[in-house]
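If you're matching positions, the sequence shown starts at 3 in my numbering and goes up one per residue.
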Amino acid sequence: MKKTTKGTIAAGAALMLLLGTGGTLAYWNDSANLSGQNSITAGQLRVAQNGAASWSIKHQNGTASAVSDITTVRIVPGDQLIYTGNYNVTAEGQDLAFKVDLAAGSIAAATAGAADTALAGRLTAATTFSVNGGAATAPGTAVTVAKPTGADNGVKTHTVVITATITWPFGTDASSATADNPAKQGKVNLSQFALTVTQVAGN
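1) List the DSSP bridge partners of Tyr-85.
2) Please report the straight-line C-alpha distance between Glu-94 and Thr-159, rounded to a whole angstrom.
3) According to the Cβ coordinates, are Phe-100 and Val-202 closer than 8 Å?
4) Helix, strand or coil: which one does DSSP assign to Ala-110?
5) Taking the alpha-carbon positions, what's the Ser-56 to Asn-155 distance?
6) Checking the sheet assignment: what are the DSSP bridge partners for Ala-117?
7) Could you compute how far the alpha carbon of Ser-33 sits from the alpha carbon of Phe-195?
8) Evaluate the contact criterion for the stretch 108-119 versus the stretch 66-81: three or more CB pairs, one atom per stretch, below 8 Å.
9) Hey, how far is the Cα of Ala-148 from the Cα of Gln-46?
10) Keeping to the same chain, check which residues put their C-beta closer than 6 Å to that of Thr-169; ignore five residues upstream and five downstream.
11) What would DSSP say about Leu-98, mapped onto helix, strand or coil?
12) Quick check: Thr-200 and Ala-144, are their CB atoms within less than 8 Å of each other?
Dropping the structure here:
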């Protein structure tokens, strides 16, 4: 009985020594390929203007008239400059949804001068935009565009009509008296006037 016990202990010690010195402990193993495709492809979200945009101007509730050259406009309190442009948004992805907004800094003071700064502030505060004839929305409050029907993974082209209205209020708010006069002969830069599309959480 004692001999058997000693032999067992000795064998256990040998096993511990083998593991402790990095020796090979054999065991069976196997593998199998996962079924399905061997690659995946990312989708896309792109926007491009479709055709020429247009500007028009109207004073308060008057009739809008076309503007052929925006640089010739001399805006006054009560005017509205209206921008209309068609855009194609290309969306590809099973769960892709997106929102539309006007880019930050779309209306910027042409210089750091007081008149330019005052005019930019006055116009920015009253600018709105709409998507496909929807409700007027202030920049920074993006509008989510519904996905068109079709195959989820296919390339979908959304036709989006953007209308942006730059308004110089005509004595309709408490700041008019102190804000309008400093903006005389001010100039704003619209070179960054742009549309942005941004992915949002899908359904």
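In this text, a Cβ means the ideal position worked out from N, Cα and C, and glycines have one as well.
The answer reads as follows:
1) For the purposes of this step, residue 85 is identified with residue 83 of the sequence shown, where counting begins at 1. Per DSSP, the beta-bridge partners of Tyr-85 are Trp-57 and Ala-166.
2) Numbered from its first residue, the sequence shown carries residue 94 at position 92. Numbered from its first residue, the sequence shown carries residue 159 at position 157. Straight-line measurement puts the Cα of Thr-159 at about 9 Å from the Cα of Glu-94.
3) Within the sequence shown, residue 100 is the residue found at index 98, counting from 1. Within the sequence shown, residue 202 is the residue found at index 200, counting from 1. Yes. Within cutoff.
4) Within the sequence shown, the letter at position 108 stands for residue 110. Three-state DSSP puts Ala-110 in a strand.
5) By 1-based counting over the sequence shown, the position of residue 56 is 54. By 1-based counting over the sequence shown, the position of residue 155 is 153. Whole-angstrom Cα-Cα distance: 34 Å.
6) Position 115 of the sequence shown, counted from the first residue, corresponds to residue 117. By DSSP's assignment, Ala-117 forms no beta bridge with any residue.
7) For the purposes of this step, residue 33 is taken as residue 31 along the sequence shown, with counting starting at 1. For the purposes of this step, residue 195 is taken as residue 193 along the sequence shown, with counting starting at 1. When rounded, the distance between both Cα atoms is 57 Å.
8) In this structure the stretch 108-119 does not touch the stretch 66-81; the number of beta carbon pairs closer than 8 Å is below three.
9) Locating residue 148 in the sequence shown gives position 146, where the first residue counts as 1. Locating residue 46 in the sequence shown gives position 44, where the first residue counts as 1. For the pair Ala-148 and Gln-46, the Cα-to-Cα distance works out to about 16 Å.
10) Here the question's residue 169 lines up with position 167 in the sequence shown. So the qualifying residues of the chain are Gln-82 and Ala-128.
11) Counted from its first residue, the sequence shown places residue 98 at position 96. Per DSSP, reduced to three states, the secondary structure at Leu-98 is coil, with no helix or strand assignment.
12) Here residue 200 is taken as the residue at index 198 of the sequence shown, counted from 1. Here residue 144 is taken as the residue at index 142 of the sequence shown, counted from 1. Yes, they are a contact pair.
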